[in-house]
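J.:
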Amino acid sequence: MLPSPVSADFHQTLLATMAEGVVVQDAGRRIIFANAAASAILGQSSEELVGRICCVEDWDATHLDGTRLGGADHPAAVALMTRRSAGPLVMGIRRGSERVWLRLRAQPIALESGSAVAVLVTFTEISDLIDSKVRLREAMGRLEQAHAAKQSLTERLAEFLGRQLDVSLETLAESEQRFRLAMELGTSVAYTLDLDLRYTWAHSCQVGFGDAELIGKTEYDIFHRDTADMLCAIYRGVIETGISVRRDVQVQSLAMSRPQYFDLIARRLYDARGETVGLICAAIDITERKQTELELRLAKETAEKASASKSRFLAAASHDLSQPMQALQMYCAILAERQPEPGVKAKQCANQLSRQLKALLSVSRLDAGGMTVTRSRIALGDLLDQVAAASRPTAEAKGLRLRVVKTALACESDATLLERLLGNLVSNAVRYTERGGVAVGCRRRRGRIRIEVWDSGIGIAEENLPYIFEELYQLNNPTRRADEGLGLGLAIVDRIARILGIAVSVRSVFGRGSVFAIDLPCSYDV
Numbered sequence: 001m002l003p004s005p006v007s008a009d010f011h012q013t014l015l016a017t018m019a020e021g022v023v024v025q026d027a028g029r030r031i032i033f034a035n036a037a038a039s040a041i042l043g044q045s046s047e048e049l050v051g052r053i054c055c056v057e058d059w060d061a062t063h064l065d066g067t068r069l070g071g072a073d074h075p076a077a078v079a080l081m082t083r084r085s086a087g088p089l090v091m092g093i094r095r096g097s098e099r100v101w102l103r104l105r106a107q108p109i110a111l112e113s114g115s116a117v118a119v120l121v122t123f124t125e126i127s128d129l130i131d132s133k134v135r136l137r138e139a140m141g142r143l144e145q146a147h148a149a150k151q152s153l154t155e156r157l158a159e160f161l162g163r164q165l166d167v168s169l170e171t172l173a174e175s176e177q178r179f180r181l182a183m184e185l186g187t188s189v190a191y192t193l194d195l196d197l198r199y200t201w202a203h204s205c206q207v208g209f210g211d212a213e214l215i216g217k218t219e220y221d222i223f224h225r226d227t228a229d230m231l232c233a234i235y236r237g238v239i240e241t242g243i244s245v246r247r248d249v250q251v252q253s254l255a256m257s258r259p260q261y262f263d264l265i266a267r268r269l270y271d272a273r274g275e276t277v278g279l280i281c282a283a284i285d286i287t288e289r290k291q292t293e294l295e296l297r298l299a300k301e302t303a304e305k306a307s308a309s310k311s312r313f314l315a316a317a318s319h320d321l322s323q324p325m326q327a328l329q330m331y332c333a334i335l336a337e338r339q340p341e342p343g344v345k346a347k348q349c350a351n352q353l354s355r356q357l358k359a360l361l362s363v364s365r366l367d368a369g370g371m372t373v374t375r376s377r378i379a380l381g382d383l384l385d386q387v388a389a390a391s392r393p394t395a396e397a398k399g400l401r402l403r404v405v406k407t408a409l410a411c412e413s414d415a416t417l418l419e420r421l422l423g424n425l426v427s428n429a430v431r432y433t434e435r436g437g438v439a440v441g442c443r444r445r446r447g448r449i450r451i452e453v454w455d456s457g458i459g460i461a462e463e464n465l466p467y468i469f470e471e472l473y474q475l476n477n478p479t480r481r482a483d484e485g486l487g488l489g490l491a492i493v494d495r496i497a498r499i500l501g502i503a504v505s506v507r508s509v510f511g512r513g514s515v516f517a518i519d520l521p522c523s524y525d526v
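If you count the sequence shown from 1, position 138 lands on 138 in full-length UniProt numbering, and the numbers rise without skipping.
Now the structure itself:
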């Protein structure tokens, strides 16, 4: 069981208003805490959840592809067994009569000895996103079919759209038959207009009128005025300039209740003497694609608003959380004096929780845009010495050499944010290096200053490089401990770099070490 100061009102106050579901399970997978968001997502009250042994069979849990999720595959089980963070995992569960989709992560809560005493599971419902992806795949399949038909149609129409039309009766009859045959092989709309912009021929126009009904009519007889104005402006531009036009248009037919979208092509139509006699137009109905794009855009905006709301809340909570956390650490220190063994363990848990909360709140403040950049001249020699001094005790305790290459270079940046960025890179290098050492230095490179942090640590496999700057991402290396952090150090580096407008690069050989580098504008020598 967790120490009571950590598992009582303090956790409930911290987590009650979070949009993410949070569940804490003990080592036997029994739920000992569930916040309000978890109850809402799982469809059960906190009283129903607390005390329950978590079993995937009870939830009818499945993978995204529909296969059954085994109990040993659940992130909580993985985290307890491996003592490392697990996830993210997308999982479907049964909630009443519906199936909902969750994105889960699990983080073990461990003592100094490394034994896991509980696991923290966070999850968010992403059912809308999964449904949108399914609809997108279906729509893209239909779009690919339409595109293939359009390509075939374009090839068959090339001779009609690329040369003058012979208006002799026999040739016109032959051309029209060939043109209609080409149209029947595709799914396009096609029509011709005279110089007064009246329909002279139509095929499969799909706007609520029969093809024969359109002959002799103008767009004002078929569409709402704003649509007709827009189309006629396009037609007149083509007639006046001779430049063909292709664009997506939204139209509202007088015979249709909803607007439609078309991919429209319009170009001049010539007679046998090369005189312009009107327009020839072709279009493909893309209404379904546009509706899918709109749904995905709305889903993306909703997700971004939810993420921004969470970030703003956590950033604002920083001050309110600091005092309870300090009080908790003080009580644990008093307990350690009176009852050494349980007190020391409680203090270790409190200190670990404090470090993890500070890292989480740092990420949230950066995401919420609460950081102001104050640029000034920075003597990089002094800055690198300060950064190294903070990690030197840890390096010496591990028998590592932490070396700073002297420099007289200077740059223009925010000293506080830059020191924090470099501090995270150096502390990460020290943490994951067991033999050898860490070196920090800078040099001129193509008119800029490059600062590099070298280590002889465990290195990073090539397939993991694209993910190392994601929050809560930890590499699957046996030398990493679950109580050394949440995997937020490089996520904070990435966010600070974006705020400062600088790039972070990494080179690594698995098992031999890594080099992290940033490029800064060059100022002048000190």
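Beta carbons are placed, not taken as given, at the ideal position from N, Cα and C, and that holds for glycine.
Does DSSP classify D65 as helix, strand or coil?
T.: In the sequence shown, counting from the first residue as 1, residue 65 sits at position 65. Residue state, collapsed to three classes: coil.
J.: Report back the beta-carbon spacing between L42 and I31 to the nearest angstrom; my notes put them in contact at under 8 Å.
T.: On the sequence shown, residue 42 is found 42 positions in, with the first residue counted as 1. On the sequence shown, residue 31 is found 31 positions in, with the first residue counted as 1. With a Cβ gap of about 10 Å, L42 and I31 do not count as contacting.
J.: Which residues bound the alpha helix (DSSP H) around residue 604?
T.: In the structure as shown, the chain begins at 1 and stops at 526. Residue 604 is therefore absent and cannot be evaluated.
J.: Taking DSSP as the reference, what is the three-state secondary structure of R246?
T.: Counting from 1 along the sequence shown, the entry for residue 246 is found at position 246. Of the three classes helix, strand and coil, the one that applies to R246 here is strand, per DSSP.
J.: To the nearest angstrom, how far is it from the Cα of T287 to the Cα of Y261?
T.: The residue given as residue 287 occupies position 287 in the sequence shown. The residue given as residue 261 occupies position 261 in the sequence shown. Using only the alpha carbons, I get a separation of about 5 Å.
J.: Could you give the uninterrupted runs of the alpha helix (DSSP H) lying entirely in the UniProt domain "PAS" (7-52), keeping only those of 4 residues or more?
T.: Correct list: 9-15, 36-42, 46-49.
J.: At what residues does the beta strand (DSSP E) containing Q260 begin and finish?
T.: Within the sequence shown, residue 260 is the residue found at index 260, counting from 1. Looking at the DSSP string, the run of the beta strand (DSSP E) that includes Q260 is 260-270.
J.: From the DSSP output, in three-state form, read off G92 for me.
T.: For the purposes of this step, residue 92 is identified with residue 92 of the sequence shown, where counting begins at 1. Correct three-state label for G92: strand.
J.: Using the DSSP secondary-structure output, state which residues sit across from E452 in a beta bridge.
T.: What you label residue 452 is simply residue 452 of the sequence shown in a count that begins at 1. DSSP output for E452 lists G441, A517 as bridge partner(s).
J.: Determine, using beta-carbon pairs with one atom in the region 226-242 and one in the region 263-277, whether at least three such pairs fall under 8 Å.
T.: Yes: the two stretches touch, three or more of their Cβ pairs being nearer than 8 Å.
J.: Could you please give me the residues that DSSP links to F123 through a beta bridge?
T.: Reading the sequence shown from its first residue, position 123 is the one you call residue 123. Per DSSP, G21, L104.
J.: In terms of residues, what are the limits of the alpha helix (DSSP H) holding E419?
T.: The count along the sequence shown starts at 1 and reaches residue 419 at position 419. Counting along the chain, the alpha helix (DSSP H) containing E419 begins and ends at 415-431.
J.: Between C281, A228, R258, which has its C-alpha nearest R246's C-alpha?
T.: Here residue 246 corresponds to residue number 246 of the sequence shown, with the count starting at 1. Nearest option by C-alpha distance: C281.
J.: Check whether the Cβ atoms of D455 and A491 lie closer than 8 Å to each other.
T.: Stepping through the sequence shown from its first residue, residue 455 is reached at position 455. Stepping through the sequence shown from its first residue, residue 491 is reached at position 491. Taking 8 Å as the Cβ cut-off, D455 and A491 do not qualify as a contacting pair.
J.: Just verifying my parser: in three-state terms, what is the DSSP assignment at D60?
T.: Along the sequence shown, one-based indexing puts residue 60 at 60. D60: coil per DSSP, three-state reduction.
J.: Report the residue from L129, T122, A38, G28 whose alpha carbon sits nearest the alpha carbon of L64.
T.: For the purposes of this step, residue 64 is taken as the residue at position 64 of the sequence shown. Selected option, being the one with the closest Cα: L129.
J.: Give the secondary structure of A434 by DSSP, where H, G and I count as helix, E and B as strand, and everything else as coil.
T.: As a first step, residue 434 is located in the sequence shown; it is residue number 434 there, counting from the start. Reading the sequence as shown, one finds Glu at residue 434 and not Ala. DSSP places E434 in coil when its eight states are reduced to three.
J.: Hey, how far is the Cα of W101 from the Cα of T302?
T.: For this step, residue 101 is matched to residue 101 along the sequence shown. For this step, residue 302 is matched to residue 302 along the sequence shown. Near 17 Å, if we compare the C-alpha coordinates of T302 and W101.
J.: Could you round the C-beta distance between G134 and A106 to whole angstroms and report it? I think they count as a contact, below 8 Å.
T.: Position 134 of the sequence shown holds residue 134. Position 106 of the sequence shown holds residue 106. According to the sequence displayed, residue 134 carries Val and not Gly. Not quite, the Cβ-Cβ distance comes to about 26 Å (not below 8 Å), so this is no contact.
J.: Around the Cβ of residue 593, are there at least 16 other Cβ atoms within 10 angstroms (buried) or fewer (exposed)?
T.: It is not possible to answer for residue 593, since the shown part of the chain is limited to 1 through 526.
J.: With distances taken from CA atoms, which of E138, V119, D494 is nearest A110?
T.: The residue given as residue 110 occupies position 110 in the sequence shown. Closest by alpha carbon: V119.
J.: For the beta strand (DSSP E) that Y235 lies in, which residues bound it at each end?
T.: Here the question's residue 235 lines up with position 235 in the sequence shown. Run containing Y235: none in the beta strand (DSSP E); it sits in the alpha helix (DSSP H), 225-241.
J.: Using a 10 Å radius around the Cβ and a threshold of 16 neighbouring Cβ atoms, would you call L294 buried or exposed?
T.: Taking the sequence shown and counting its residues from 1, the one referred to as residue 294 is at position 294. It is exposed - the Cβ of L294 has fewer than 16 other Cβ atoms within 10 Å.
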